[in-house]
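Worksheet for the structure shown next.
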């Protein structure tokens, strides 16, 4: 919850962007004394106007407020930048700050025209609703097809970290977008904040992979108020941020629409973490593998053949050294079948644990993903026209 | 048809590897006078035993016969190399040649034990059935879940080229494997054959992408008998091989199981062909895009966002220059919506034509793919245990 640390107010209200009439606009305000901020953004070359705006806002390591809307992603929209600017300016006006201190995030359909009016009017309502217990409302207002809000908290040595996020992947009708705001009352500088956020995102959000599709809007922000008066050790603080990110990432995978299984793809005994991660990603992005898990089929051939697409220079291993364990059952050893497929049970738990041992070192990496199901196809086809 | 050129005999028989009792073993013999051969193989690091064997056989540019089985891929099988060797040795014995002149190809399930007996006995039957009109039977015997055999022919200036293939992708219950044998009675040397086959495969088979999954068994062979006595121009010959490969590639996409649309992803106005191809592949591998086409949804946002994942160093373009045409309707121009989505008709034709104009040059590339459907999920999950 983003109002868990001291120094933050938030709200979530209905601005009228969603046909459903559900909450669609969230406002988060950092009341200080610090206004330190950090950001991590999509690396897609096609980015939404709010991403262009907010990257610029955070470039000086400062931000006073963030306004987030669901219902429209404001990407590939004619005049979309003016809408983003108007929204930021309205926030600045009601909070008596300047627009260049206001981040903007949007999620929803792509390429559908968005007018500034409901956003500007919504900002006034949201400002009036701001409260130091408004974190839950904000978390609800950024949901698209998420079935539940996603929040996390962390506390250590007198300071707190809170977070909210909306889901990654499988989100009809537009792109799969991840938005996340993390707040803290720790006393940190912008550099520490950016390092903690970047390293945490890399180990958490960048290791969940629902469908290999990168959004145009993905944004993760960290705001520090310093209101606790506590200056944490940089590494301890980064660990705290990582815990909050990991918690939110797991909630996203657990709420990915259309999925019937969460899958942890663990690649172990690798020569390097980079190599282990490349192999884990290749497996997590294999449609054949993801369909097999949906069918509760311990089809390990699809696991090793996906691994085999990773260049040897990235992840050295010998095919004859490979072992595959599915939910702890060794179905493949020394690269060949062990005859134990029938012992694998994937039906009694939503979580499926895949371990691929490369036999070439001591490093490892895990990627979380989901199975590929009928409902995924439905979410992303039948309901979109 | 592989017996369309002079100098070839073929057969297709039932060896008993398939529970259905359908034909599952094909034999192709080059009666010369030449025994020139070329081969292109999967680049997956996990390869089937027959791939290891046949890569070695073709390394000297010569091959006298090829035996192909469906029903078992012979990959990750203990003792699988001995089975491949025994099969090749039996072919050598009945044809009075040596085993190192015999190629072996397998397709079917992965990791299921394969014994040599049915293959060895099957080779005897296949040898007795060899005929100069046996191409159709051979094409049928290599089918797995293909619904129809895939054959192509080409003739020019007194020489002929013939080909057969089995499908790519979406093939339950094992991996998606492509096998292809091309025959010619042209007089060519091994180097010309290899160049023609490699360049043709690169422009055809390597530009169809059903699900981004690379098989452990993919094999494309070219056998030249020289029986026409005609020595073609190397470029003309390569063009002929490419036409045969293109014809077979289109048949594969048209028969990909579970698909309801064939999709031609054309990336045009690119700075380089390599860049155009990278962008086309990124789009063709986007599950979100493929689901949208299944839903007959002209969701061009998913097309440009997939394009945006390709590094600028590979394919330079400005987001504001992009145009997207779906079945000829410009749904996006200058990077924004044109308001013409409703004009797009994807329901009256199985083929959907996507054109993404990068606005950065004159090069182009096309990748053929399919939509992502319920039936794809079914083929690759429910029927596999």
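Chains as they are written, first to last, in my numbering: chain A, 494 to 878; chain B, 494 to 878.
C-beta: ideal position from N, C-alpha, C; glycine also.
Closer than 9 Å, CB to CB, is residue i near chain E or not?
i: residue 872 of chain B; result: The structure shown contains no chain E; its protein chains are A and B.
What residues of chain B sit near residue i, judged by a beta carbon separation below 8 Å?
i: residue 845 of chain A; result: Residues of chain B passing the Cβ test: none, with the nearest at roughly 13 Å.
i: residue 695 of chain A; result: Neighbours of residue 695 of chain A on chain B: none; closest Cβ ~17 Å, over 8 Å.
Looking at C-alpha atoms only, which residue of the options is the closest neighbour of residue i?
i: residue 636 of chain A; options: A:798, A:748 and A:794; result: A:748
i: residue 580 of chain B; options: B:713, B:869, B:608 and B:797; result: B:608
i: residue 623 of chain A; options: A:784, A:786, A:859 and A:496; result: A:496
i: residue 500 of chain B; options: B:574, B:529 and B:515; result: B:529
i: residue 819 of chain A; options: A:672, A:757 and A:799; result: A:757
i: residue 913 of chain B; options: B:523, B:755 and B:746; result: The requested residue 913 of chain B is not part of the displayed model; chain B covers only 494 to 878.
i: residue 488 of chain B; options: B:548, B:546, B:547 and B:558; result: As shown, chain B starts at 494 and ends at 878. That puts residue 488 of chain B outside it, with no answer to give.
i: residue 554 of chain A; options: A:595, A:515, A:570 and A:619; result: A:595
i: residue 765 of chain B; options: B:515, B:630 and B:810; result: B:810
i: residue 655 of chain A; options: A:619, A:597 and A:730; result: A:730
i: residue 563 of chain B; options: B:813, B:542, B:519 and B:544; result: B:519
i: residue 649 of chain A; options: A:592, A:780, A:678 and A:541; result: A:678
i: residue 744 of chain B; options: B:842, B:630, B:827 and B:697; result: B:697
i: residue 713 of chain A; options: A:613, A:548, A:783 and A:505; result: A:548
i: residue 534 of chain A; options: A:694, A:700 and A:728; result: A:694
So which residues on chain B does residue i lean against when the C-beta distance must stay under 7 Å?
i: residue 537 of chain A; result: 798, 801 and 802
i: residue 639 of chain A; result: Residues of chain B passing the Cβ test: none, with the nearest at roughly 17 Å.
i: residue 848 of chain A; result: Within chain B, no residue comes near residue 848 of chain A; the closest Cβ sits about 17 Å away, beyond 7 Å.
i: residue 867 of chain A; result: 867 and 870
i: residue 740 of chain A; result: Those do not exist, as residue 740 of chain A stays about 26 Å from chain B at its closest Cβ, beyond 7 Å.
i: residue 678 of chain A; result: None at all; the shortest Cβ gap to chain B is about 36 Å.
Could you tell me which residues DSSP puts in a beta bridge with residue i?
i: residue 820 of chain A; result: The partner list for residue 820 of chain A (beta bridge, DSSP) is empty, contrary to what the question assumes.
i: residue 861 of chain B; result: B:701 and B:757
i: residue 845 of chain B; result: B:756
i: residue 561 of chain B; result: B:519 and B:598
i: residue 555 of chain A; result: A:529
i: residue 826 of chain B; result: B:829
i: residue 766 of chain B; result: Looking at the DSSP assignment, residue 766 of chain B forms no beta bridge with any residue, so it has no partner.
i: residue 511 of chain A; result: Answer is none; residue 511 of chain A lacks a bridge partner.
i: residue 671 of chain A; result: Beta-bridge pairing links residue 671 of chain A to no other residue.
i: residue 624 of chain A; result: A:503
i: residue 656 of chain B; result: B:645 and B:675
Kindly list, in the order they appear in chain A, the residues whose Cβ is closer than 9 Å to that of residue i.
i: residue 787 of chain B; result: 870, 873, 874 and 875
i: residue 772 of chain B; result: Under the 9 Å cutoff, chain A gives no residues; its nearest Cβ is about 11 Å from residue 772 of chain B.
i: residue 763 of chain B; result: None at all; the shortest Cβ gap to chain A is about 14 Å.
i: residue 805 of chain B; result: 538
i: residue 709 of chain B; result: 794, 797, 798 and 801
So which residues on chain A does residue i lean against when the C-beta distance must stay under 7 Å?
i: residue 603 of chain B; result: 794
i: residue 784 of chain B; result: 870, 873 and 874
i: residue 812 of chain B; result: 538 and 539
i: residue 828 of chain B; result: 569
Under 9 Å, do residue i and residue j count as touching if we go by C-beta distance?
i: residue 517 of chain A; j: residue 508 of chain A; result: yes
i: residue 795 of chain B; j: residue 785 of chain B; result: yes
i: residue 734 of chain B; j: residue 770 of chain B; result: no
i: residue 657 of chain B; j: residue 711 of chain B; result: no
i: residue 566 of chain A; j: residue 601 of chain A; result: yes
i: residue 837 of chain A; j: residue 773 of chain A; result: no
i: residue 615 of chain A; j: residue 568 of chain A; result: no
i: residue 866 of chain A; j: residue 587 of chain B; result: no
i: residue 873 of chain B; j: residue 751 of chain B; result: yes
i: residue 472 of chain A; j: residue 741 of chain A; result: Since the first and last residues shown for chain A are 494 and 878, residue 472 of chain A lies out of range.
i: residue 863 of chain B; j: residue 755 of chain B; result: yes
i: residue 560 of chain B; j: residue 619 of chain B; result: yes
i: residue 709 of chain B; j: residue 544 of chain B; result: yes
i: residue 823 of chain A; j: residue 759 of chain A; result: no
i: residue 653 of chain A; j: residue 498 of chain A; result: yes
i: residue 680 of chain B; j: residue 527 of chain B; result: yes
i: residue 727 of chain B; j: residue 676 of chain B; result: no
So with CB distances below 8 Å, who are the chain A contacts of residue i?
i: residue 836 of chain B; result: The contacting residues do not exist; residue 836 of chain B stays about 13 Å from chain A at best.
i: residue 630 of chain B; result: Residues of chain A passing the Cβ test: none, with the nearest at roughly 29 Å.
i: residue 748 of chain B; result: Here the premise fails: no neighbours, minimum Cβ distance about 18 Å.
Any heavy atom of the ligand MG closer than 8 Å to the Cβ of residue i?
i: residue 862 of chain B; result: You won't find the ligand MG in this model; it holds no ligand whatsoever.
For residue i, which residues in chain B fall below 9 Å Cβ to Cβ?
i: residue 549 of chain A; result: Those do not exist, as residue 549 of chain A stays about 17 Å from chain B at its closest Cβ, beyond 9 Å.
I want to know whether the segment 833-846 of chain A touches the segment 801-815 of chain A - three or more CB-CB distances under 8 Å. no
Validate contact between the segment 719-733 of chain A and the segment 823-833 of chain A using beta carbons, cut 8 Å, 3 pairs: no
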